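Numbering of the sequence shown is given in our numbering, commencing with residue 24 and proceeding in unit increments.
Ideal Cβ positions, reconstructed from N, Cα and C, are used throughout, including at glycine.
Fair warning: this is a prediction, and the values are worked out from it, not measured in the lab.
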Amino acid sequence: MTLKLDMSKAYNQVEWSFVTRLLEKIGFSDKWVNWIWNFISSISFSFNLNGEVCGCLKPSRGLRQVDPLSPYLFLVCAEGLSSLLCQDVTNRQIEGFQYNRAGSNISHLFFIDDCLLYSWPTEKDSRTTKAVLDLYAKVSGQIINFSKSSMCVSKSNKREEGRRLADMVGVRLVDCHERYLGLPCFTSMKRSLLILATVCGTKLKARMLGFYLQEGRKFLLRLFYMLFPRMR
């Protein structure tokens with residue numbers, strides 16, 4: 024069972040106290056925590072009316088998306104959700120996905136606000152996942168848009184059973200998640216590498232146009248070649 028989450032206005036809803044508590048839990052010193060608090064709480068907004076700047080509005084939550092530090096602070100928030108899921112996996116409340124018998128147990132994949140959750144298609148896993156998401160939304164201020172989130176189950180499960188599990192979590196049931204981070208969710212390893220190489224190759228070509236020196240272009244090509252294994 025795979026659950027794809029949609030975060031509603033991800034950056035705008037983050038509670039500042041949640042960020043600082045997580046930083047303390049991770050092990051940041053009080054000096055660093057105070058710096059971060061001053062950074063996120065010093066924001067204010069003014070209004071431009073007919074060419075005149077007036078008013079002052081100070082928010083009580085949220086991260087500024089234009090700041091380069093905000094994505095890293097959002098990753099700290101995602102670490103809170105990751106810890107809750109890992110705790111339930113350790114306690115056998117959620118059964119993650121194993122690629123093989125010797126592989127790690129994967130319960131989730133995060134990239135900023137793009138989230139994929141993996142579990143077995145059982146009532147226990149569905150109820151536990153819903154409880155974790157509700158708890159995370161309560162303490163972090165994040166709002167999970169369940170109407171835009173989706174769940175898919177394997178073809179071996181009956182559609183009626185999949186719809187019942189989706190209703191428990193409060194999301195819609197789909198046949199297959201089409202893409203995650205621009206790549207197909209379900210395809211062969213070779214095809215995934217080919218698609219990834221094509222996308223990266225296009226971006227590499229555009230980046231190389233900005234390099235006038237031949238050595239700079241050679242460096243990018245060597246780096247690109249090292250990132251991908253040989254595809255047979």
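Buried/exposed call for residue i, threshold 16 Cβ in 10 Å
i, result
"Lys27", "buried"
"Cys176", "Per the sequence shown, the amino acid found at residue 176 is Val instead of Cys. With 16 or more Cβ atoms within 10 Å of its Cβ, Val176 is classed as buried."
"Pro82", "exposed"
"Leu140", "buried"
"Pro144", "buried"
"Asp148", "buried"
"Gln121", "exposed"
"Phe97", "buried"
"Ser170", "exposed"
"Tyr235", "Bear in mind that a pLDDT of 46 at Tyr235, under 50, signals an unreliable position, so the number given afterwards is only what the model happens to contain. Exposed, by the Cβ-count rule."
"Ala33", "buried"
"Ala189", "buried"
CB-CB length for residue i against residue j, believed under 8 Å
i, j, result
"Met30", "Ile167", "6 Å"
"Leu92", "Phe68", "With 8 Å as the limit, Leu92 and Phe68 do not qualify as a contact, their Cβ atoms being about 19 Å apart."
Simplified DSSP assignment, three categories, for residue i
i, result
"Lys27", "strand"
"Phe41", "helix"
"Ala33", "coil"
"Val76", "strand"
"Met254", "Since pLDDT at Met254 reaches only 44, below the 50 mark, its modelled position is unreliable, and no value is offered."
"Phe97", "helix"
"Leu87", "Looking at the sequence itself, residue 87 is Arg, so the reference to Leu does not match. Correct three-state label for Arg87: coil."
"Ser105", "helix"
"Ile273", "Absent from the structure is residue 273, since the part of the chain shown begins at 24 and ends at 255."
"Asn61", "helix"
"Leu186", "The amino acid occupying residue 186 in the given sequence is Arg; Leu does not appear at that position. Note: Arg186 maps to helix in three-state DSSP."
"Ser179", "coil"
"Thr152", "helix"
"Ile46", "As written in the sequence, residue 46 is Leu, which differs from the Ile given in the question. Leu46: helix per DSSP, three-state reduction."
"Gln110", "helix"
"Leu92", "coil"
DSSP bridge partner residues for residue i (one or two, in chain order)
i, result
"Met191", "BP columns for Met191 are empty, so no partner."
"Gln121", "Asn128"
"Ser173", "Lys27, Arg195"
"Phe134", "Asp137"
"Asn71", "Val76"
Worksheet item: Between the segment 105-112 and the segment 67-85, do at least 3 Cβ pairs fall closer than 8 Å?
Response: With a cut-off of 8 Å, the segment 67-85 and the segment 105-112 do not count as touching, because too few Cβ pairs lie within range.
inquiry  = With three or more C-beta pairs closer than 8 Å as the rule, is the segment 38-51 touching the segment 154-166?
reply    = A contact exists between the segment 154-166 and the segment 38-51.
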